[in-house]
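So the sequence shown is numbered by this note's numbering: it starts at 1 and just counts up by one. Built from N, CA and C at the ideal position, the CB exists for glycine as well. Please read the structure below before turning to the comments.
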Amino acid sequence: GIITANPAMADGNALFHTTHKNLAGTGAALDVSSVGAARAAMAKQTGLDKKTVLNVRPAFLIVPASLELKAEQLVAQNLVPAATSSVVPQSIRTLAPISEPRLDAASETAWYLAASPNQIDTIEYAYLEGQQGAYIETRNGFDVDGVEIKCRLDFGAKAIDWRGLYKNPGA
Numbered sequence: 001g002i003i004t005a006n007p008a009m010a011d012g013n014a015l016f017h018t019t020h021k022n023l024a025g026t027g028a029a030l031d032v033s034s035v036g037a038a039r040a041a042m043a044k045q046t047g048l049d050k051k052t053v054l055n056v057r058p059a060f061l062i063v064p065a066s067l068e069l070k071a072e073q074l075v076a077q078n079l080v081p082a083a084t085s086s087v088v089p090q091s092i093r094t095l096a097p098i099s100e101p102r103l104d105a106a107s108e109t110a111w112y113l114a115a116s117p118n119q120i121d122t123i124e125y126a127y128l129e130g131q132q133g134a135y136i137e138t139r140n141g142f143d144v145d146g147v148e149i150k151c152r153l154d155f156g157a158k159a160i161d162w163r164g165l166y167k168n169p170g171a
């Protein structure tokens, strides 16, 4: 997939790269502090002029299935798991957790933040010749009593901007 393949962008660097300031220098466990650091890094992203601060805000917390429970605990309660007096900030509790089991094959500890597509375009998808949805063709069967159905979906996706995504390799 796009996220796990970490493809090269137009500038020659990988989608998640320290040059892009969207990759944690050191992996950290999924907790309030590490998510806070990731949020700050996203907020400090700059525009193409390298001067305009974009203030990108994450909307989604994307985790492998192995971190699903931890992600749900982090965003679902006011109290920090395993702490007696710390409170999870509202800005973290508003993140929508997304658990994707295919991420486990690449890493069971890496986690990601993604901004809303309404705020910044990060991954673009397109259909062949504008054919949105599946292309379905039918014909009466000659070898069988019935109808033959052929269905295909010509679809592609590519990362177009790194500023709306952040990766922490985890610990």
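Going by beta carbons, I123 and A171 fall outside the 7 Å limit.
The Cβ atoms of F60 and I98 sit closer than 7 Å to each other. Sequence-distant Cβ neighbours of K44 in its own chain, meaning closer than 8 Å and more than five residues away, are K21, V53. The bridge partners DSSP lists for T138 are I149.
Just so you know, the alpha carbons of G47 and L128 end up roughly 30 Å apart.
The C-beta distance from L69 to W111 rounds to 13 Å, too long to fall under 8 Å, and the pair is not in contact. The Cβ atoms of P169 and D104 do not sit closer than 7 Å to each other. In the three-state scheme derived from DSSP, where H, G and I count as helix and E and B as strand, I62 is classed as strand. DSSP, reduced to helix, strand and coil, places E124 within a strand of the structure shown.
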